[in-house]
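Take 236 as the starting number for the sequence shown in the numbering used here and just add one per residue.
The beta carbon of each residue, even a glycine, is placed where N, CA and C say it ideally should be.
Working notes, structure below.
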Amino acid sequence: LPPELRPMVQLDGGRFATSDLNDLYRRVINRNNRLKRLMDLGAPEIIIRNEKRMLQEAVDALIDNGRRGRPIQGSHNHKLKSLSDLLRGKQGRFRQNLLGKRVDYSGRSVIVVGPELKMHECGLPKRMALELFKPFVMHRLAVLGIAPNIKNAKRMVERNRAEVWDILEDVIKDRPVLLNRAPTLHRLGIQAFMPVLIEGNAIQIHPLVCSAFNADFDGDQMAVHVPLSRMAVLEAKEAMLSTHNMLSPASGDPLVAPTLDMVMGCYYLTDIREDAQGEGLKFFDFDEARIAHASELIDLQARIQVRYIDGSDHEGWLETSLGRLIFNEILPDSLGYKNSLMDRYALKDLTAELYRTSTNDETSEVLDKVKSLGFHYATVSGITIAINDIQVSN
């Protein structure tokens with residue numbers, strides 16, 4: 236092995252720290268020289284045979300220490316690392332340095348939910364973004380003449396001057412970042428997002444992409460990487476953007492269906508309660524029903540009738556609720572009117588239907604609206620859990 240890969244380093248006290256391999260090589264050389272000397276002196280056969288055996292053991296230990304007999308130990312009774320140990324296992328050359336490397340232009344932080352993000356966006360802490368995009372910001376400062384040279388530009392960035400933040404906003408406008416959550420068990424464990432600068436130290440991610448990453452917000456961390464070359468940026472935008480990866484590669488089912496609070500809000504909105512205020516009233520159109528609700532004449536879940544006109548100018552009365560009218564307002568016309576209770580499974584079917592009938596961008600836009608609607612009505616509903624909800628059996 237070349238000496239660069241088994242170095243000797245002089246410590247402060249004048250002593251040397253050395254690689255284990257040097258000890259193993261030294262044993263081989265010493266025993267080889269001793270055998271040579273004994274053979275030149277014409278030593279008895281039994282001594283030469285013993286020396287040959289010891290030389291063989293030294294060579295075995297160099298190649299794989301501990302494979303044959305007791306392992307050779309160093310000064311502090313630890314097993315010396317042989318050539319095989321350098322390659323073997325998680326800390327070996329293959330897994331540590333060849334299959335995965337430490338990379339520049341990367342960072343990691345705790346993730347928190349970003350409910351106001353669009354599906355293709357992620358919230359990136361300002362200080363982290365400045366460090367990740369530092370060379371691009373320095374270059375832009377120099378090109379625009381704000382800094383006379385790169386050295387001054389670097390100083391400006393390091394001092395967090397006010398001009399730097401505007402340039403940073405400009406730089407990240409068309410540069411995606413890759414987010415990765417370990418363990419990356421399928422290809423959706425790494426996705427591209429357009430960064431949005433935020434205050435604080437945590438990365439914000441969109442609530443609908445959590446299922447693909449299998450992420451939750453109890454302290455999970457995610458890594459950020461910056462694609463550098465023009466081709467890498469293009470590939471990230473075209474193939475890896477989260478809005479282009481809504482289906483599971485395993486089954487083809489949608490992976491981004493609304494969950495948890497979003498489902499609760501949509502369920503509350505599209506539920507019909509018997510004997511609710513305003514039940515049985517008729518309205519000329521959606522706006523009239525909305526005004527009646529604002530005037531506290533009808534409840535969101537009251538069963539009402541609304542006049543409708545279909546494509547062939549046939550008019551009739553639709554039995555529905557104001558909540559369902561509000562929910563359908565965000566859906567594209569191609570889906571028709573969804574006059575049913577929106578639970579988790581209905582929302583998943585709706586997502587699959589959206590994906591079949593619309594483009595990726597349209598689907599993500601509608602899902603973002605469903606997300607906002609769900610969160611809003613989950614909040615205003617005031618649904619909570621009380622001790623009376625927990626029934627104890629006799």
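Go through the stretch 552–576 residue by residue and report every complete run of the alpha helix (DSSP H) that reaches 4 residues or more, in order.
Runs of the alpha helix (DSSP H) inside the stretch 552–576: 557–564.
Would you mind listing the beta strand (DSSP E) stretches within the stretch 292–356 that are 3+ residues and don't spill past its ends, in chain order?
Qualifying beta strand (DSSP E) stretches, in chain order: 341–348.
Quick check on Ala529: buried or exposed, where buried means 16 or more other Cβ atoms within 10 Å of its Cβ?
Ala529 is exposed by the Cβ-count criterion.
Beta-carbon within less than 8 Å of Lys361's beta-carbon, same chain only, minus the 5 sequence neighbours each way: which residues are those?
For Lys361, where only same-chain residues beyond five positions count, the Cβ hits under 8 Å are Trp400, Leu403, Leu432, Ile433 and Glu434.
Which class does Lys517 belong to by DSSP, given the choice of helix, strand or coil?
Strand at Lys517.
With contact counted as at least three CB pairs below 8 Å, one residue from each stretch, are the stretch 446–464 and the stretch 405–421 in contact?
Cβ pair count under 8 Å is three or more, so yes.
Going along the chain, which residues of its own chain have a beta-carbon closer than 6 Å to the beta-carbon of Ser207, five neighbours each way excluded?
Any question about residue 207 goes unanswered here, given that the chain covers just 236 to 629.
Who are the Cβ neighbours of Ala447 in its own chain at under 6 Å, not counting the five residues just before and after it?
Here the set comprises Leu423 and Leu490.
For the stretch 509–518 against the stretch 534–543, are there 3 or more C-beta pairs whose distance is under 8 Å?
Yes: at least three Cβ pairs fall under 8 Å.
So, at 6 Å on beta carbons, what are the nonlocal neighbours of Ile507 in its own chain, with the 5 sequence-adjacent residues on each side left out?
If we look at Ile507 and ignore the five residues flanking it on each side, its Cβ neighbours are Gln536, Arg538 and Ser556.
For the 8 Å Cβ check, are there 3 or more pairs between the stretch 440–459 and the stretch 378–394?
Short answer: they don't touch.
Give the DSSP-derived three-state secondary structure of Phe251 in the structure shown.
In the structure shown, Phe251 sits in a strand (DSSP, three-state: E or B).
Can you tell me the Cα-Cα spacing of Arg241 and Pro493, whole angstroms?
Arg241 and Pro493: Cα-Cα distance of roughly 55 Å.
Using alpha carbons as the reference points, say which of Glu531, Lys583 and Glu470 lies closest to Val498.
For the residues Glu531, Lys583 and Glu470, the minimum Cα distance to Val498 belongs to Lys583.
Can you grab the Cα-Cα spacing for the pair Tyr321 / Val345, in whole Å?
According to the sequence provided, residue 321 is Leu. The question's Tyr does not apply to it. Near 33 Å, if we compare the C-alpha coordinates of Val345 and Leu321.
Give me whichever residues DSSP pairs with His460 in a beta bridge.
According to DSSP, His460 bridges with Ser341 and Leu413.
Could you tell me which residues DSSP pairs with Gly617 in its beta bridges?
Bridge partners of Gly617: none, in fact.
Please report the distance separating the alpha-carbon of Glu292 from that of Lys271.
So the two alpha carbons sit approximately 16 Å from each other.
Go ahead and pull the three-state DSSP assignment for Phe610.
The answer is helix: DSSP assigns Phe610 an H, G or I state.
Would you tell me roughly how many angstroms separate the C-alpha atoms of Trp552 and Ile565, rounded to the nearest one?
Cα to Cα, the separation comes out at about 21 Å.
For Pro442, count neighbouring C-beta atoms within 10 Å of its own C-beta (all shown protein chains included) and say buried if the count is 16 or more, exposed if not.
Buried: at least 16 other Cβ atoms inside 10 Å.
Could you spell out the range, first to last residue, of the beta strand (DSSP E) harbouring Phe428?
Ile425 to Ile433 is the span of the beta strand (DSSP E), which, as asked, contains Phe428.
For Leu259 versus Leu315, is the C-beta spacing smaller than 9 Å?
Their beta carbons are under 9 Å apart, which means Leu259 touches Leu315 by this criterion.
What are the boundary residues of the beta strand (DSSP E) that includes Ile440?
Start and end: Ile438 to Ile440.
Can you tell me whether DSSP reads Pro360 as helix, strand or coil?
DSSP places Pro360 in strand when its eight states are reduced to three.
Quick check on Met481: does DSSP put it in helix, strand or coil?
The answer is coil: DSSP assigns Met481 none of H, G, I, E or B.
Distance check for Gly617 and Glu509, CA to CA, integer angstroms please.
Those two C-alpha atoms are separated by around 19 Å.
First and last residue of the beta strand (DSSP E) that includes Val244?
Met243 to Gln245 is the span of the beta strand (DSSP E), which, as asked, contains Val244.
From the DSSP output, which residues share a beta bridge with Ile539?
DSSP lists Thr555 as partners of Ile539.
Considering Asp510, what are the terminal residues of the alpha helix (DSSP H) in which it resides?
Neither: Asp510 is in no alpha helix (DSSP H) and is coded neither H nor E.
Grab the span of the alpha helix (DSSP H) containing Glu404 for me, first residue to last.
Where Glu404 is concerned, the enclosing alpha helix (DSSP H) stretches over Ala397 to Ile407.
Roughly how many whole angstroms lie between the Cα atoms of Ala397 and Pro370?
Spanning the two alpha carbons is a distance of roughly 17 Å.
With distances taken Cα to Cα, identify the nearest neighbour of Leu318 among Asp299, Leu532 and Phe329.
Checking every option, the nearest Cα to that of Leu318 belongs to Asp299.
Rounded to a whole number of angstroms, what is the C-alpha to C-alpha distance between Asp596 and Thr478?
Asp596 and Thr478: Cα-Cα distance of roughly 7 Å.
Which residues bound the alpha helix (DSSP H) around Thr494?
Careful: Thr494 lies outside any alpha helix (DSSP H) and carries neither H nor E.
Tell me, to the nearest whole angstrom, how far the beta carbon of Ile440 is from that of Leu359; I am working on the premise that it is less than 8 Å.
Not a contact, Cβ separation roughly 10 Å.
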